[in-house]
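Chains as they are written, first to last, in the working numbering: chain E, -6 to 284; chain F, -6 to 284. Just so it is clear, CB atoms sit at the ideal spot from N, CA and C, and this is done for glycine as well. If you're wondering where the values come from, they're calculated on a predicted model, not measured in any experiment. For reference, the structure discussed in these notes is given below.
Number of protein chains: 2
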Amino acid sequence: MRSDAPVSTTTLRGQLQRCSINSATLGHRSPIDRVARRVADAGFGWIAPWRRDLEGVDVPSLRRQLDDDGLRVSSLCRSTFFPHATADARARSIDDNKAALDTAAELRAACYVLVVGGLAEGSRDLDAARDQVIEGIGTLLDHAAKVGVPLALEPLHPMYAADRSCVSTLRQALDICDLLSPHDRRFLGVAIDIYHVWWDPDLFEQIGRAGRDRRILGFHVSDWLRETGDLLLDRGMMGDGVVELNRIRRAVDDAGYDGPIEVEIFSRDTWWTRAEEAVLRACADRLETCC
Amino acid sequence: MRSDAPVSTTTLRGQLQRCSINSATLGHRSPIDRVARRVADAGFGWIAPWRRDLEGVDVPSLRRQLDDDGLRVSSLCRSTFFPHATADARARSIDDNKAALDTAAELRAACYVLVVGGLAEGSRDLDAARDQVIEGIGTLLDHAAKVGVPLALEPLHPMYAADRSCVSTLRQALDICDLLSPHDRRFLGVAIDIYHVWWDPDLFEQIGRAGRDRRILGFHVSDWLRETGDLLLDRGMMGDGVVELNRIRRAVDDAGYDGPIEVEIFSRDTWWTRAEEAVLRACADRLETCC
């Protein structure tokens, strides 16, 4: 075998310990400790909680339970948006993100996911929003290094450019990484979510770049439904949509990524109406057969 | 004034004769001859019919009416999709597009808009779809030259990559133009629609490229609503959304474009419920004040 031969496995069969369940996939219906137990019981090795799951929760106790269950934390979801109309509001978002980074450190999360925000309130200035994102991440980076949790900048689908993320492509996210931490790559990289980037004609080139630059901190799967009924809450289960999941997953692995593969599905009318155990079984089955 | 100074005007006030109404903006509620009369009466100099408007219509008579009304045709909307599961179906789509080009020539349309299609039926192979698009346009190009109607390749928003267009960015569209007609640029170019490209971090660079390469054949305006309720039928009237319309319009003009500015708004629950004359008045007002 040549030394530069692909290292990805053909499928993920038998690799559930490498896979993670993002708590949103279960619709935030149960307390996080119960969700975590179910995720572990279903055979997964990782979990990704949202900050909303942690409200009122004693984080050290949760971390001990996760240890008992053999679960690691693939990411903490997610940042407070950076762009705002006033400097005060921007400063508050930085403070809030710092506090979340502290929590991520307590959970020993593999990364803190940055969903950066779209346009500031009442603004049409996308360039200004992007500048504020760059400034905000730059400010946060020291704290990330201090607490030892990398920032995973996640480009979101362009349909969220106005309200959720003015960072819309993997190329753009990697350019920001290069700008802010050209040399020390330990604390700033990207999260690649199939749902957001599958359409991009530049995808495989940028996955290769991200791998060469050792920037891939997270990899999220779901599926794009050909008949998508809602811009936010109609993601598909892997295999139910049109994304070349296995091809993209293997490209990410071949780029050198060997971290967790996280299932993140917002599906108000389908998967969030089903029993949590059934959703977890479907995730396991589809990860093993489609990814 | 320096010779390379921008040539765009500050606003479009007084320039309705340069502006066009795409018939979809009025919701396809009236016969095209009545729509055309209203568009002319409202002061516009151009109209863009859809092929569905022409079913059962005597095209030479319509052309004579448009001449009487002083209306030119900014584009004929739009191509039959190119990707299909079988070679037979692909051949039929080419034949259908050739017939539409003949109609476009009868109407003396400034261009024929190519909305190229997404994935073939039952397919997840985006590369194959893109190859079929390139092959299809390549095949159509001779006929376009023969009848003298340029093909305007329109990149569509990435949220349509599965079902409407596997060409998602202006860069990608221009790459296809370069591939298929690197030298003779008369019959292949792009239509730039603000709704589809406004989010692109690469937008202004690619507008500049398109202008230098003399590829801009059409320019469409509407607006992206921050709270978009439907993936297809919830476009905003200019000024009601978040797009930097004036900045983009001026960039397109500064790139050397002096053709029609076409309003294309799909708005099932808002503008399609209002009287056609009221919609046309709003278009005129917003073009003059926001674009």
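Q. According to the neighbour-count rule (16 or more other Cβ atoms, all chains shown, within 10 Å of its Cβ), is methionine -6(F) buried or exposed?
A. Position 1 of the second sequence, counting from 1, holds the residue named residue -6(F). With a pLDDT of 37 at methionine -6(F), under the threshold of 50, the modelled position of that residue is not reliable, and the figure given next carries that caveat. Exposed, because fewer than 16 other Cβ atoms sit within 10 Å of the Cβ of methionine -6(F).
Q: Spell out whether any CB of chain F is found under 8 Å from the CB atom of leucine 19(E).
A: Taking the first sequence and counting its residues from 1, one reaches residue 19(E) at position 26. No, its Cβ sits nowhere closer than 8 Å to a Cβ of chain F.
Q: Kindly indicate which residue of Val245(E), Leu226(E), Phe180(E) has the alpha-carbon position closest to the one of isoleucine 200(E).
A: As a working mapping, residue 200(E) is identified with position 207 in the first sequence. If we check each option's Cα against that of isoleucine 200(E), Val245(E) comes out closest.
Q. With C-beta atoms as the reference, is serine 72(F) less than 8 Å away from alanine 41(F)?
A. As a position in the second sequence, residue 72(F) is number 79, starting the count at 1. As a position in the second sequence, residue 41(F) is number 48, starting the count at 1. Not closer than 8 Å, so no.
Q) Under 8 Å, do tyrosine 105(F) and leucine 144(F) count as touching if we go by C-beta distance? A) Counting from one through the second sequence, the residue named residue 105(F) turns up at place 112. Counting from one through the second sequence, the residue named residue 144(F) turns up at place 151. Result yes, Cβ atoms of tyrosine 105(F) and leucine 144(F) sit closer than 8 Å.
Q | Minimum C-alpha distance to leucine 134(F) - residue among His77(F), Phe180(F), Glu237(F), Gly38(F) | A | Position 141 of the second sequence holds residue 134(F). For the residues His77(F), Phe180(F), Glu237(F), Gly38(F), the minimum Cα distance to leucine 134(F) belongs to Phe180(F).
Q: Under 9 Å between beta-carbons, which chain F residues line up against valine 109(E)? List them in chain order, please.
A: By 1-based counting over the first sequence, the position of residue 109(E) is 116. Correct list: empty, because the minimum Cβ distance to chain F is about 13 Å.
Q) Can you list, in chain order, the residues of the region 162 to 180 of chain E whose Cβ is nearer than 7 Å to any Cβ on chain F? A) Thr162, Gln165
Q. With a cut-off of 8 Å, does the C-beta of threonine 221(F) fall near any C-beta of chain E?
A. Taking the second sequence and counting its residues from 1, the one referred to as residue 221(F) is at position 228. Closer than 8 Å: yes.
Q) Can you name the residues of chain C whose CB is closer than 8 Å to the CB of aspartate 156(E)? A) Of the chains in the structure shown, none is chain C; the protein chains are E and F.
Q | Touching by the beta-carbon criterion (3+ pairs, under 8 Å), the region 162 to 174 of chain E and the region 210 to 223 of chain E | A | no
Q.
At a CB distance below 7 Å, what residues from the region 196 to 221 of chain F approach chain E? Give them in sequence order.
A. Trp217, Arg219, Thr221
Q. For the region 225 to 257 of chain E, which segments carrying the beta strand (DSSP E) assignment without a break, of at least 3 residues, lie completely within its bounds, in sequence order?
A. 254 to 256
Q.
Would you say histidine 150(F) lies against chain E (beta-carbon separation less than 8 Å)?
A. Reading the second sequence from its first residue, position 157 is the one you call residue 150(F). Yes, contact with chain E.
Q | glycine 182(E), enclosing beta strand (DSSP E) - first and last residue | A | Here residue 182(E) is taken as the residue at index 189 of the first sequence, counted from 1. Its beta strand (DSSP E) spans residues 181 to 186.
**Q.** Residue range of the alpha helix (DSSP H) that includes alanine 277(F)
**A.** Residue numbering aside, residue 277(F) sits at position 284 when the second sequence is read from its first letter. It spans 269 to 283 - the alpha helix (DSSP H) in which alanine 277(F) sits, taken as one unbroken run.
Q: Excluding the 5 residues preceding and the 5 following threonine 282(F) in the sequence, name in chain order all residues of the same chain whose CB lies nearer than 8 Å to its CB.
A: Position 289 of the second sequence, counting from 1, holds the residue named residue 282(F). Contacts found: Thr4, Arg6, Gly232.
Q. Which full runs of the beta strand (DSSP E) of 3+ residues lie inside the region 20 to 49 of chain E, going along the chain?
A. 39 to 41
Q: Kindly list the residues whose CB is nearer than 8 Å to the CB of valine 52(F), restricted to its own chain and excluding five residues on each side of it in sequence; keep chain order.
A: Taking the first residue of the second sequence as position 1, residue 52(F) is located at position 59. Only Thr96, Glu99, Leu100 meet the Cβ criterion.
Q) DSSP state of cysteine 12(E), grouped into three classes? A) To locate residue 12(E), count along the first sequence from 1; it is residue 19. Three-state result, cysteine 12(E): strand.
(Q) Check this for me: beta carbons of leucine 64(F) and valine 28(F), under 8 Å apart or not? (A) Sequence index remark: in the second sequence, residue 64(F) carries index 71 (1-based). Sequence index remark: in the second sequence, residue 28(F) carries index 35 (1-based). In this structure, valine 28(F) does not lie closer than 8 Å to leucine 64(F) by Cβ.
(Q) Counting C-beta neighbours from all protein chains within 10 Å, is the total for histidine 176(E) 16 or more, i.e. buried, or is it exposed? (A) In the first sequence, the residue the question calls residue 176(E) occupies position 183. With fewer than 16 other Cβ atoms within 10 Å, it is exposed.
Q) Given a limit of 9 Å on CB to CB distance, which residues of the region 223 to 236 of chain E reach chain F? A) Asp223, Leu224, Gly234, Val235, Val236
Q) In the DSSP assignment, what residue or residues form a beta bridge with aspartate 216(F)? A) Position 223 of the second sequence, counting from 1, holds the residue named residue 216(F). Answer is Gly229(F).
**Q.** Range covered by the beta strand (DSSP E) that runs through alanine 102(E)
**A.** As a working mapping, residue 102(E) is identified with position 109 in the first sequence. No beta strand (DSSP E) holds alanine 102(E); DSSP gives it neither H nor E.
Q. Serine 174(E): buried (16+ other C-beta within 10 angstroms of its C-beta) or exposed?
A. On the first sequence, residue 174(E) is found 181 positions in, with the first residue counted as 1. Counting Cβ neighbours within 10 Å, serine 174(E) comes out buried, since at least 16 surround it.
**Q.** For alanine 78(F), the nearest candidate out of Gln58(F), Asp61(F), Asp62(F), Gly115(F) (CA to CA)
**A.** Residue 78(F) sits at position 85 when you count from the first residue of the second sequence. Alanine 78(F) has its Cα closest to that of Gly115(F), out of Gln58(F), Asp61(F), Asp62(F), Gly115(F).
Q: In angstroms with no decimal places, state the Cα-to-Cα distance between glycine 249(F) and asparagine 90(E).
A: Your numbering for residue 249(F) matches position 256 in the second sequence. Your numbering for residue 90(E) matches position 97 in the first sequence. Approximately 45 Å, taken between the alpha carbons.
Q: Take every Cβ of the region 246 to 265 of chain F, pair it with every Cβ of the region 262 to 275 of chain E, and state whether three or more of those distances are shorter than 8 Å.
A: no
Q: Closer than 8 Å, Cβ to Cβ, to anything on chain F: give me those residues from the region 117 to 144 of chain E, in chain order.
A: Arg117, Asp118, Leu119, Arg123
Q: With DSSP as the reference, label leucine 144(E) as helix, strand or coil.
A: Sequence index remark: in the first sequence, residue 144(E) carries index 151 (1-based). Leucine 144(E): strand per DSSP, three-state reduction.
Q: Would you mind sorting alanine 122(F) into buried or exposed? The rule is 16 or more other CB atoms within 10 Å of its CB.
A: On the second sequence, position 129 is the one that residue 122(F) refers to. So alanine 122(F) counts as buried.
Q: Determine the direct distance from the alpha carbon of tryptophan 43(F) to that of cysteine 70(F), and round the result to whole angstroms.
A: Within the second sequence, numbered from 1, the residue matching residue 70(F) stands at position 77. Within the second sequence, numbered from 1, the residue matching residue 43(F) stands at position 50. Using only the alpha carbons, I get a separation of about 4 Å.
Q. At what residues does the alpha helix (DSSP H) containing arginine 205(F) begin and finish?
A. As a first step, residue 205(F) must be located in the second sequence, where it is residue number 212. Run containing arginine 205(F): 196 to 205, per the alpha helix (DSSP H) assignment.
Q: Give the DSSP-derived three-state secondary structure of arginine 117(E) in the structure shown.
A: Locating residue 117(E) in the first sequence gives position 124, where the first residue counts as 1. Coil.
Q. Is the shortest distance between the beta-carbon of arginine -5(E) and the beta-carbons of chain F less than 8 Å?
A. Counting from one through the first sequence, the residue named residue -5(E) turns up at place 2. Residue placement at arginine -5(E) is flagged as unreliable, the pLDDT there being 42, under the threshold of 50; a coordinate-derived value is accordingly withheld.
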